[in-house]
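Engineer: Per the UniProt record's numbering: the sequence shown = residues 1 to 438.
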Amino acid sequence: MHMLQWNKRLQRAGLSLALVAMSVGAAPAALAMSAQEADAAVARLMKSAEYKALSDLLDKDHDNIVEQNIQLQQIPAPPFGEEKKAKAFAALMKEAGLDAKIDEEGNVLALWEGTAKRKDVHAVIAHIDTVFPLEQDLKIRREGTRILAPGIVDDTRGLVALLAYVRAMKQAGIQTEENLLFVGSVGEEGLGDLRGVKHLFGKGEYKDRITSAIIVDGSNPEQVTLEGPGSKRYEVHFKGPGGHSYRAFGMVNPMYALGNAMAEFGKVEAPKGTTYSVGVVGGGTSVNAIPSDAWMLVDMRSTSMKDLASVEQQFLEIIKTAAEQENKARTTKTGPIALDYELVGDRPPGQTAEDHRLAQIALAATRAQGWKGRPNSSSTDGNIPMSMNIPTVGIGAGVGDHAHSAEKEYLDVEKGQSLRALHRPLLTILDAAKVQLR
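Dropping the structure here:
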């Protein structure tokens, strides 16, 4: 599928990104919590019989958790190609003890009902898709306690964690006051443009019922994501008449326009917290042909909507100028350079106040498992609820590194630290859901 066609599919998500992230200061007093209070709350939870039962069950289930991690990792799931993996995840969720269904956008939804019988739900989300194409070799290899494979961590580990939590909570007879909505989302990566969570929060059946979100994603056990930088992504084409490199010499050349645009864009001064990159380029058919098309994919990110808009405006001016300059530099007798560009990614920025109870509990849960615990900024499924001022944290359930690298991505399954990492989101979930303690 040509990249320009993808945007039409993205529009099905139906969430208007006229959403403007509001500045987040301190949490409301009723929801604010100090680090000391959070540490005490997590300590009480960890002393409970319910938590100890869950801990024992996860310990006994660890080998199975690793096997399921590999089982799901072996299913290709690029953005817009998640259906097979989604069905497998839904089937495993049913085996774990919850009915699961797949919504119109392809997300897997499984509702854990609380005893209070309220409508509101706390969403627990891991994404199904990976950055790797359908044809990617997904073979695993082992180096000590590390499993190396594309997608083994990001975010297959999150999916498997959700299954492990549901399985253990069911087996332990856990009851919670609040509802939990376990979600396997689609389209988190790349040009998927968060289409799954855009649908979930913008059009799905739970869109007005989600009061908080816990994003189970990431492989650094010290980090808790409280901020999501926004992004704009463009596909840009410079198109011309094309011709023979010798006989048609002197006519406009799309490659020169593209090259000049990239060079000028690289000179833009980025404000603090703002980044940009030309990630993919293409065009041309032969060394002895003037191409009829030269294109690039561009990514711009910022934690500030204002700064993101500024860099975006400079970028748009640069590509227009590059086309105009090429048309002036060479002959347009057989046709000029035409500029064709499309916004293929639009993610709003957002953040959760660090003193919000959800954030403090996630940080305290991290400290309780032996890691420092520090706030992090990262673009994830959490961008959407954060941009809507829905309290949201991102917290990983594994230990690994090199996500998005086909050769280097790994998950460390040494049992001790693997279980400790699983407990970080678990403690956060139990607190949000108001687990009932005996």
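Note that CB positions come from ideal geometry on N, CA and C, so glycine has one too.
Which value, in whole angstroms, describes the spacing of the CA atoms of leucine 45 and glycine 259?
Structural biologist: 58 Å
Engineer: Report the residue ranges of all alpha helix (DSSP H) runs contained in full by the segment 40-90; include only those spanning at least 4 residues, in chain order.
Structural biologist: Entirely contained in the segment 40-90, the alpha helix (DSSP H) runs reaching 4 residues are, in chain order, 49-60 and 62-73.
Engineer: Per DSSP, what kind of secondary structure is serine 405 in: helix, strand or coil?
Structural biologist: In the three-state DSSP reduction, serine 405 falls in the coil class, being neither helix nor strand.
Engineer: If we call anything under 8 Å between Cβ atoms a contact, is alanine 270 one with alanine 322?
Structural biologist: no
Engineer: Determine the DSSP secondary structure at lysine 306, reduced to helix, strand or coil.
Structural biologist: helix
Engineer: Under three-state DSSP, which class holds arginine 424?
Structural biologist: helix
Engineer: When DSSP labels each residue in this structure, what does tyrosine 165 get in the three-state scheme?
Structural biologist: helix
Engineer: Quick check: the Cα distance between glutamate 317 and threonine 331, rounded to an integer number of angstroms?
Structural biologist: 23 Å
Engineer: If you run the structure through DSSP and keep just helix, strand and coil, what is aspartate 431?
Structural biologist: helix
Engineer: Which residue or residues does DSSP assign as beta-bridge partners of glutamine 351?
Structural biologist: Glu227
Engineer: How is alanine 96 classed by DSSP in three states: helix, strand or coil?
Structural biologist: helix
Engineer: Spatial neighbours of histidine 244 within its chain, please: CB distance less than 8 Å, with the 5 preceding and 5 following residues excluded, ordered by chain position.
Structural biologist: Asn288, Ala289 and Ile290
Engineer: Comparing C-alpha positions only, which one of Thr303, Gln313 and Asp340 sits nearest to serine 292?
Structural biologist: Asp340
Engineer: Would glycine 190 pass as a contact of glycine 196 if the rule is Cβ separation under 8 Å?
Structural biologist: Taking the C-beta atoms as reference points, glycine 196 is found no nearer than 8 Å to glycine 190.
Engineer: State buried or exposed for glutamate 227, treating a residue as buried only when at least 16 other CB atoms are found within 10 Å of its CB.
Structural biologist: It counts as buried.
Engineer: Taking all protein chains shown into account, decide if residue 470 is buried (16 or more other Cβ within 10 angstroms of its Cβ) or exposed.
Structural biologist: Given a span of 1 to 438 for the chain in the structure shown, any question on residue 470 remains unanswerable.
Engineer: Within the UniProt domain "Peptidase M20 dimerisation" (230-325), note down every full alpha helix (DSSP H) run reaching 4 residues or more, in order along the chain.
Structural biologist: Secondary structure remark: continuous alpha helix (DSSP H) runs of at least 4 residues inside the UniProt domain "Peptidase M20 dimerisation" (230-325), in chain order: 254-265.
Engineer: With a threshold of 16 other CB atoms inside 10 Å of the CB of tryptophan 180, please say whether the residue is buried or exposed.
Structural biologist: In the sequence under discussion, the amino acid at residue 180 is leucine, which differs from the tryptophan named in the question. Per the 10 Å Cβ criterion, buried.
Engineer: Considering just the uninterrupted stretch of the beta strand (DSSP E) at arginine 141, what are its terminal residues?
Structural biologist: 141-143
Engineer: Is it buried or exposed for residue 462, if we count other Cβ within 10 angstroms and need 16 for buried?
Structural biologist: Here the chain covers residues 1 to 438 and nothing more, so residue 462 does not appear.
Engineer: For phenylalanine 182, list the residues DSSP reports as bridge partners.
Structural biologist: Ala110 and Val124
Engineer: What did DSSP end up calling glutamate 37 once you bin it into helix, strand or coil?
Structural biologist: helix
Engineer: In the DSSP assignment, the alpha helix (DSSP H) including serine 212 goes from what residue to what residue?
Structural biologist: Per DSSP, serine 212 belongs to no alpha helix (DSSP H); it is in the beta strand (DSSP E), 210-215.
Engineer: Any idea if valine 399 is buried or exposed, counting beta-carbon neighbours within 10 angstroms, 16 or more meaning buried?
Structural biologist: buried
Engineer: In angstroms, rounded to a whole number, what distance separates the CA positions of glutamine 436 and leucine 426?
Structural biologist: Cα to Cα, the separation comes out at about 14 Å.
Engineer: Where does the unbroken alpha helix (DSSP H) through glycine 202 begin, and where does it stop?
Structural biologist: 195-202
Engineer: Please report the straight-line C-alpha distance between alanine 43 and alanine 368, rounded to a whole angstrom.
Structural biologist: Approximately 8 Å between the Cα atoms of the pair.
Engineer: Would you mind stating whether aspartate 307 and threonine 274 have Cβ atoms separated by less than 8 Å?
Structural biologist: yes
Engineer: Which residue wins for smallest C-alpha separation from glycine 240, given the options Ile337, Gln417, Ala149 and Ala172?
Structural biologist: It is Ile337 whose Cα lies nearest to the Cα of glycine 240.
Engineer: For my contact list, threonine 303 and isoleucine 361 are in at a C-beta cut-off of 8 Å; report their separation, rounded to the angstrom.
Structural biologist: Not quite, the Cβ-Cβ distance comes to about 23 Å (not below 8 Å), so this is no contact.
Engineer: Within the continuous alpha helix (DSSP H) that includes arginine 367, where are the two ends?
Structural biologist: Arginine 367: member of the alpha helix (DSSP H) spanning 357-368, first to last residue.
Engineer: What three-state label does DSSP hand methionine 22 in the structure shown?
Structural biologist: Because methionine 22 carries a pLDDT of 40, less than 50, the predicted location of this residue cannot be relied on, and the following value inherits that uncertainty. In this structure, methionine 22 counts as coil in the three-state DSSP scheme.
Engineer: Would you report the Cα separation of lysine 372 and glycine 218, rounded to the nearest angstrom?
Structural biologist: When only Cα atoms are considered, lysine 372 and glycine 218 end up about 16 Å apart.
Engineer: So what does DSSP say about leucine 437, is it helix, strand or coil?
Structural biologist: coil
Engineer: Determine the closest residue to isoleucine 214 out of Asp59, Leu363, Leu419 and Lys47, with distance taken between C-alpha atoms.
Structural biologist: If we check each option's Cα against that of isoleucine 214, Leu363 comes out closest.
Engineer: Is the beta carbon of phenylalanine 80 less than 8 Å from the beta carbon of leucine 159?
Structural biologist: Between phenylalanine 80 and leucine 159, the gap from beta carbon to beta carbon reaches 8 Å or more.
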